[in-house]
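Written below as structure tokens is the structure these notes are about.
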Ligand SMILES: Cc1cc2nc3c(=O)[nH]c(=O)nc-3n(C[C@H](O)[C@H](O)[C@H](O)COP(=O)(O)OP(=O)(O)OC[C@H]3O[C@@H](n4cnc5c(N)ncnc54)[C@H](O)[C@@H]3O)c2cc1C
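Residue numbers (the numbering used here): 53 to 647.
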């Protein structure tokens, strides 16, 4: 489908196309694709749906996921089950996850993996032909299923094949800039065709945001610069929905670092699977330093623990000249590495490093935002008809995420939201005057941005914002620094009103849109971080180093009546009896069994 199929209208002096569709899915990664499939399987006609992405077909961030996807299949460890998976997830999330959402994901995952297998996902196999499962950090059993180290790409290919078999319509290179809601009900969405530079309105009954996360707004990050700019959370927030847990940002311990790899590789992920397959961390003195930080779980302790250990080694002068530590899997033979970590082996090989012969250099990098849009058990926000799932939603991961749990969340919530939307899909027929009035006014504002010839380059301002977050809300934070960060952010916001944009199809227009979203998301991270006066999981404060049991709650951000950002807290639920039992049993990986 092309967006030229819509009718042309005019409002507030702007011309635009209108597309009528019952369900608009914003995001064509795993979460969006899985929801679309479920909707059709629940009986919603494919022609009532439209999936859009701001990149080309099949090019969503999901393709970058490498290491694997969790589900208690028990291929090697039959004693594993979903309740232990839930217990591990709650432990890793430091008990501020929403237990109901954790259970939705963990309980659905064994079936989700079987379904992906049936649909032809090329899982790596154990000897008995079942999907193989490997260790990932913080998990009691081998629970991470994988397709080599290209799990995300293989999974998205599989889902896209299924979506195409069901003739689900898809539009590429469409950027949603605004959601339109009235009286707490979604009316539609507005955006533009990035190729033609034309404005478009989607007149819909349901909008599902599956627009990814927000970590590329940190200076060092593992994602693409123009993905994960916080569009999903910001779109929902600007429409009046609530955000939750935005202060919890996962810094992955092993991002590439060093002159040898070049700037374009800085921060890029070296998958956790390298440690899952036995990789060791060493400092520049040759010491396997995890023995000091986590003698039981070593390199497979939780990501926040390993990331802080790496950061400490580097800051205390035991790092490499490039500001990293060494990750070494050269004790495994080359064939093993090529089979289990083919993309990593090839990537480093292309850069002149043979992983079977020598270590690679790594340092922490911003990797995943545990926060996002606050939703109910089906993925619906406070706004009726507006759903948010996948990396855009909050609640599953709490204060820190287990590796392999985000791909799990995309498909488990894709199914859950698909079921709920199909069940409650309104019949439509709402008056669209208001939608056109609001969209027209938004397009008039966008037209001013498109033609602006101000002082500042939007991309440079985004880089300033990234530096601000890295410095003031990085792996270690404190109140004073976060206050300074908010002051810097206010200056960037001021400059953002005076930008230079090169037309509707230019990169600078896209960057200007990204910047608008990133500003709100950055504010929620810094404000949430200030309000949480304790250390918990990924949120490590140097001025409040202990976890405070009185702060076992979520911090929620919402637009107040004068357009500012207001914060409140929300209490956390309790797990079900069966998950509590699994917690009480105290499962834990003993790393030394692996050696
Ligand atoms: C390097 C890397 C490795 C990872 N490895 C793993 C792993 O091994 N296991 C694991 O569980 N997780 C992993 N993750 C995390 C995981 O990949 C993501 O959380 C997951 O893929 C997110 O999927 P999603 O469908 O929610 O969003 P995405 O795949 O990010 O898709 C977002 C979609 O929204 C669209 N979009 C965004 N904004 C707009 C807009 N304004 N208008 C229109 N469209 C828009 C995008 O074009 C895209 O189609 C990894 C992440 C990274 C960065």
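Backbone N, C-alpha and C define an ideal beta-carbon position, used for all residues, glycine too.
No experiment lies behind these values; they were computed from the predicted model shown.
| said: Under 8 Å, Cβ to Cβ, is there at least one residue of chain D near residue 500? | reply: Among the chains in the structure shown there is no chain D, since it carries only a single protein chain.
| message | Quick check: residue 623 and residue 605, are their CB atoms within less than 8 Å of each other? | response | yes
| said: Can you tell me whether residue 80 sits near ligand 1, meaning its C-beta is under 7 Å from at least one heavy atom of the ligand? | reply: yes
| So, are the CB atoms of residue 289 and residue 612 less than 8 Å apart? | no
| Nearest to residue 626 by alpha carbon, out of 388, 389 and 139? | 139
| task | Measure the beta-carbon distance from residue 74 to residue 257 and round it to whole angstroms, keeping in mind my assumption that it falls under 8 Å. | result | 5 Å
| query | Does the count of Cβ pairs from the stretch 182-192 and the stretch 316-332 closer than 8 Å reach three? | reply | yes
| Secondary structure of residue 185, DSSP reduced to three states | strand
| How big is the Cα-Cα spacing for residue 630 and residue 142? | 13 Å
| residue 648 beta carbon near ligand 1 (any heavy atom closer than 7 Å) | The chain is shown only over 53 to 647; residue 648 falls outside these bounds and no answer can be derived.
| request: For the stretch 234-285, list the beta strand (DSSP E) runs that are entirely contained and at least 3 residues long, ordered along the chain. | output: 237-245, 251-255 and 258-261
| query | If you draw a straight line from the C-alpha of residue 238 to the C-alpha of residue 519, how long is it? | reply | 35 Å
| said: So the candidates are 492, 149, 635 and 494; which of them puts its Cα closest to the Cα of residue 429? | reply: 149
| said: Could you compute how far the alpha carbon of residue 46 sits from the alpha carbon of residue 342? | reply: With the chain running from 53 to 647 in the structure shown, residue 46 is simply not present.
| query | Relative to the alpha-carbon of residue 132, which residue among 170, 427, 80 and 193 has its alpha-carbon at the smallest distance? | reply | 193
| field | Assigned secondary structure, residue 620 (DSSP; H/G/I helix, E/B strand, else coil) | value | strand
| said: Using only the alpha-carbon positions, how far apart do residue 263 and residue 117 sit? | reply: 15 Å
| request: Counting only the same chain and skipping the five closest in sequence on each side, list residues whose C-beta sits under 7 Å from that of residue 502. | output: 553, 555, 556 and 561
| request: Pair every Cβ in the stretch 75-89 with every Cβ in the stretch 214-232, then say whether three or more of these pairs are closer than 8 Å. | output: yes
| At least 3 beta-carbon pairs within less than 8 Å: the stretch 263-276 vs the stretch 562-581 | yes
| Taking the alpha-carbon positions, what's the residue 512 to residue 447 distance? | 33 Å
| request: Output the distance between the C-alpha atoms of residue 375 and residue 277, rounded to the nearest integer angstrom. | output: 22 Å
| request: Report the three-state DSSP secondary structure of residue 196 (helix, strand or coil). | output: strand
| query | What residue range is occupied by the uninterrupted beta strand (DSSP E) comprising residue 377? | reply | 377-380
| query | Sorted by chain position, which residues of the same chain lie with C-beta nearer than 7 Å to residue 382's C-beta, five sequence neighbours on each side aside? | reply | 407, 408, 409, 410 and 411
| query | Rounded to a whole number of angstroms, what is the C-alpha to C-alpha distance between residue 337 and residue 380? | reply | 14 Å
| query | Does the distance from the CB of residue 44 to the CB of residue 304 come in under 8 Å? | reply | The question about residue 44 has no answer, for the chain in this structure spans 53 to 647.
| message | To test your reading of the DSSP string, which unbroken alpha helix (DSSP H) runs of 4 or more residues are found completely within the stretch 362-442? | response | 386-392 and 394-402
| message | What I want to know is whether the C-beta of residue 452 ends up closer than 7 Å to one or more non-hydrogen atoms of ligand 1. | response | no
| message | Taking the straight line between their C-alpha atoms, what separation do you get for residue 497 and residue 423? | response | 29 Å
| query | Which term fits residue 500, buried or exposed, when burial requires 16 or more other beta carbons within 10 angstroms of its beta carbon? | reply | exposed
| query | Which residue spans inside the stretch 551-620 form an unbroken beta strand (DSSP E) run of at least 3? | reply | 605-611
| request: Compare the C-alpha of residue 348 against each of 191, 487 and 443 and name the closest. | output: 191
| task | Would you check if the stretch 220-233 and the stretch 99-119 touch, i.e. whether three or more CB-CB distances between them fall below 8 Å? | result | yes
| message | Less than 7 Å separating the Cβ of residue 149 from some heavy atom of ligand 1? | response | no
| On the three-state DSSP scale, how would you describe residue 71? | strand
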